[in-house]
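Counting in the working numbering, the sequence shown runs from 168 upward without gaps.
Built from N, CA and C at the ideal position, the CB exists for glycine as well.
As the structure is a computational prediction, the values presented were derived from the model and not from experiment.
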Amino acid sequence: MSGRVQDRLRLPQPWALSPLAAPVCLFCGARMFPGRSTFFIFYDQNRPANGSPFGRAGAKRLRGQGRGQKGYLMINGVIFDMDGLMFDTERMWATFWEPALAALGLPYKEGLSEAARGTAGETLRNVVRQFYGRDCDAAAIVDSLHAVADKAFQKPVPKKPGLDELLAWLDEQHIPMAVASSSRMDVIQRNLDNWGMRHYFSVLASGQQVTRSKPDPEIFLLAAEKLGVAPGHALVLEDSYNGVRAGAAGGFVTVMVPDLLPADDEMRRLYTAECRSLFEVLDGLKANRW
Numbered sequence: 168m169s170g171r172v173q174d175r176l177r178l179p180q181p182w183a184l185s186p187l188a189a190p191v192c193l194f195c196g197a198r199m200f201p202g203r204s205t206f207f208i209f210y211d212q213n214r215p216a217n218g219s220p221f222g223r224a225g226a227k228r229l230r231g232q233g234r235g236q237k238g239y240l241m242i243n244g245v246i247f248d249m250d251g252l253m254f255d256t257e258r259m260w261a262t263f264w265e266p267a268l269a270a271l272g273l274p275y276k277e278g279l280s281e282a283a284r285g286t287a288g289e290t291l292r293n294v295v296r297q298f299y300g301r302d303c304d305a306a307a308i309v310d311s312l313h314a315v316a317d318k319a320f321q322k323p324v325p326k327k328p329g330l331d332e333l334l335a336w337l338d339e340q341h342i343p344m345a346v347a348s349s350s351r352m353d354v355i356q357r358n359l360d361n362w363g364m365r366h367y368f369s370v371l372a373s374g375q376q377v378t379r380s381k382p383d384p385e386i387f388l389l390a391a392e393k394l395g396v397a398p399g400h401a402l403v404l405e406d407s408y409n410g411v412r413a414g415a416a417g418g419f420v421t422v423m424v425p426d427l428l429p430a431d432d433e434m435r436r437l438y439t440a441e442c443r444s445l446f447e448v449l450d451g452l453k454a455n456r457w
């Protein structure tokens, strides 16, 4: 094939293979799994990043370029952030801090919501300590925040435009999906169940399952491991700065769909591509842009 392969490859459905028995691509060494569609994007073989031959440095060079590159990068799985990416909930979280702090007799301090966005666990508690002092009861503040959130999330939260269409298309193409969110598992499950979406996802990864939250890539690496997909072959969809930092640090193909904050110069250096909506993400996948 002279360094070029087909844009899309489907394995024969009768192949009942275990993951370790799946055939290996001669071009990149990736395993091919039965029933999955494999999508290819170009990469620069001379610019690995984060120890992966398909890291962000190669992927970044794809933007605006056509089929003249040296090879292809396969997307074998998609990992979704939740708040601000799937659901329009980041605005809701921003409103939870004031009543949560008031319940403890504390005032809200400007900048807290922005600093805490996309974090969880000890990382979130450390953010709280930055605003209220090292000796504050950060655990009690975070518990109060979650108590307010639990009440608000009892009913369905607004979906982001294009979410239904993107999930349906990925499911139709047999591309495995995961949710990797800093939120607690019960919140993830409730938001998905309220819209009847849980069946789309073979993996749910929560901030409760990792010791280091975003911008550390641990949660994305966990989701990719459970999906059985190498980071360089997984598409991470994120809206937040910390999420993009985590995706890039893990060597993922990272597409930013900005929500409350637009992409800045740092984000443009880190992400693979930027989309205005999930509709645009879907268009990009259909066109094999990443």
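Item                                                                                                                         : Value
Nonlocal neighbours in the same chain, by C-beta distance under 7 angstroms from Met-364, ignoring five residues either side : Leu-334
Beta-bridge partners of Ser-373, as assigned by DSSP                                                                         : Ser-348
With 16 other Cβ atoms within 10 Å as the buried cut-off, status of Thr-468                                                  : One cannot answer for residue 468 here, as it falls past the ends of the chain, which runs 168 to 457.
Segment contact, 8 angstroms Cβ cut-off, at least three pairs: the segment 336 to 351 with the segment 240 to 258            : yes
Identity of the residues DSSP links to Phe-247 by a beta bridge                                                              : Val-346, Leu-404
Where Ala-319 falls, given that 16 or more other Cβ within 10 Å makes a residue buried                                       : exposed
Three or more C-beta pairs below 8 angstroms linking the segment 298 to 312 and the segment 260 to 276                       : yes
Span separating the alpha-carbon of His-400 from that of Pro-328                                                             : 25 angstroms
Three-state class that DSSP yields for Thr-286 in the structure shown                                                        : coil
Rounded Cβ spacing between Gly-417 and Leu-388 (contact assumed at less than 8 angstroms)                                    : 5 angstroms
Sequence-distant residues of its chain with Cβ nearer than 6 angstroms to Gly-272 (five each side left out)                  : none
Sub-8 angstroms separation of Asn-358 and Val-403 beta-carbons                                                               : no
Element boundaries [beta strand (DSSP E), containing Met-434]                                                                : No beta strand (DSSP E) contains Met-434, which is instead part of the alpha helix (DSSP H) from 432 to 437.
Given Tyr-438 as reference, the closest of Val-411, Leu-330, Val-396 once Cα atoms are compared                              : Val-411
Local conformation of Val-424 per DSSP, three classes                                                                        : coil
Three-state class that DSSP yields for Asp-450 in the structure shown                                                        : helix
Close-in-space but distant-in-sequence residues of the same chain around Ala-282 (CB under 8 angstroms, 5 per side omitted)  : Val-294, Gln-297, Phe-298
Close Cβ partners of Pro-274 (< 7 angstroms) along its chain, the five nearest in sequence each way excluded                 : Leu-268
Residue span of the alpha helix (DSSP H) that contains Thr-262, given as start and end                                       : 257 to 269
Status (buried if at least 16 other CB within 10 Å, exposed otherwise) for Asp-331                                           : exposed
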